[in-house]
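Visitor:
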Amino acid sequence: MVVTRNRRQLLAIGAGAVGAVVIGTGLEVGFGRGVAWAAPNDTTDLVKKFTGGKEATAGPLKVVAPEIAENGNTVPLSVMIEGDLPAGRRVEEILVLADGNPRGGVARFTFSAEAVPEASTRIRLAETQNIVAVAKMSDGSFLTASRQVKVTIGGCGG
Amino acid sequence: MTNVKPRIRLDRKDIKKGDTIEVKALVSHTMESGQRKDKDGNTVPRKIINKFTCTMNQKTLFACDLEPAISANPYFHFKLKPQESGPLIFTWLDDDGTRIEATETITVS
Chain C
1 MVVTRNRRQL LAIGAGAVGA VVIGTGLEVG FGRGVAWAAP NDTTDLVKKF
51 TGGKEATAGP LKVVAPEIAE NGNTVPLSVM IEGDLPAGRR VEEILVLADG
101 NPRGGVARFT FSAEAVPEAS TRIRLAETQN IVAVAKMSDG SFLTASRQVK
151 VTIGGCGG
Chain P
1001 MTNVKPRIRL DRKDIKKGDT IEVKALVSHT MESGQRKDKD GNTVPRKIIN
1051 KFTCTMNQKT LFACDLEPAI SANPYFHFKL KPQESGPLIF TWLDDDGTRI
1101 EATETITVS
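Chain order of the listed sequences is C and P. Under our numbering, the first residue of the first sequence is numbered 1, with each subsequent residue one higher. Under our numbering, the first residue of the second sequence is numbered 1001, with each subsequent residue one higher.
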């Protein structure tokens, strides 16, 4: 692949600018404070349905995905709990959503007491967007986390 | 889809109580998203694996509901802390009702 240095720099600057805007609005509108940001697709509704309108707090939940995905058809994704949870508090389900796909739903993991609350899979991302995870805890509370992934080639066919 | 061969890999099958087993599970499937169009502009109907479960002795240890946003040849990596010995049964359910199954027996001492 022949890419001149100028073009590469331009692309990097462009991607950086887009990223900054998205991260900026995300933080201001409500990441970290729960589920009150406006997603371009049905992500917000799916989160509300999952939590029953309850507020999800930022917590030890973590979404692991590459910062830049060259191929949106298969983006490695992991969700996990970082550190130990208080005794008696367990993750029952983790809902994973992508706010820039045609539809927000990605996966819903169900963990028994005999499973470690951690899972990896490969997902499709249509464009640069946020991956949002919401965990349902055994005490009825919810945790949330998100991660932005920049996608160079989209993964929804066409 | 015929002759689908699921692939399961466990990092070990013989554990002590409280130990963790790492499971990797993969099955060949196009995971047609229902978003794609064919050459004539018709939408290709959705056909995906919509549910994956890992059960033992009628108990579901790990499960996942899949949406079209899961890549082709769905792959899962997860960890179990089984409390008893027995066969781990892995099941994939297709939109068309096809059921793909695989079994691995583990021993917990």
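The beta-carbon is built from N, C-alpha and C at its ideal position, and this holds for glycine as well.
1) So C/GLU70 packs on C/ILE153, CB below 8 Å; how close in whole Å?
2) If we count the other Cβ atoms within 10 Å of its Cβ and call it buried at 16 or more, is P/THR1103 buried or exposed?
3) Is the stretch 1002-1016 of chain P in contact with the stretch 135-154 of chain C, if contact means three or more CB pairs nearer than 8 Å?
4) DSSP three-state call for C/LYS49: helix, strand or coil?
5) I'd like to check one pair, P/PHE1052 with P/LEU1066: are the Cβ atoms closer than 8 Å?
6) Around the Cβ of P/LYS1016, are there at least 16 other Cβ atoms within 10 angstroms (buried) or fewer (exposed)?
7) Beta carbon of P/PRO1087, beta carbon of P/THR1105: below 8 Å?
8) Using three-state DSSP, classify P/TRP1092 as helix, strand or coil.
9) Closest by CA to P/HIS1029, which one among P/LYS1047, P/THR1060, P/ALA1063?
10) Can you find a C-beta in chain C that's less than 8 Å from the C-beta of P/GLN1083?
11) When the Cα of P/PHE1076 is compared with those of C/LYS54, C/PHE109, C/PRO102, which residue comes out closest?
12) What does the alpha-carbon distance come out to for the pair P/LEU1093 and C/ASP139?
Guide: Quick answer:
1) The beta carbons of C/GLU70 and C/ILE153 sit about 7 Å from each other, so the pair counts as a contact at 8 Å.
2) Around the CB of P/THR1103, fewer than 16 other CB atoms lie within 10 Å, so the residue is classed as exposed.
3) By the criterion of at least three beta-carbon pairs nearer than 8 Å, the stretch 1002-1016 of chain P is not in contact with the stretch 135-154 of chain C.
4) Reduced to three states, the DSSP call for C/LYS49 is helix.
5) Taking 8 Å as the Cβ cut-off, P/LEU1066 and P/PHE1052 qualify as a contacting pair.
6) So P/LYS1016 counts as exposed.
7) If you check the CB distance, P/PRO1087 and P/THR1105 come in under 8 Å.
8) For P/TRP1092, the three-state secondary structure derived from DSSP is strand.
9) Cα-wise, what sits closest to P/HIS1029 is P/LYS1047.
10) So, interface residue.
11) With distances taken between Cα atoms, P/PHE1076 lies closest to C/PHE109.
12) Distance between the alpha carbons of P/LEU1093 and C/ASP139 is about 30 Å.
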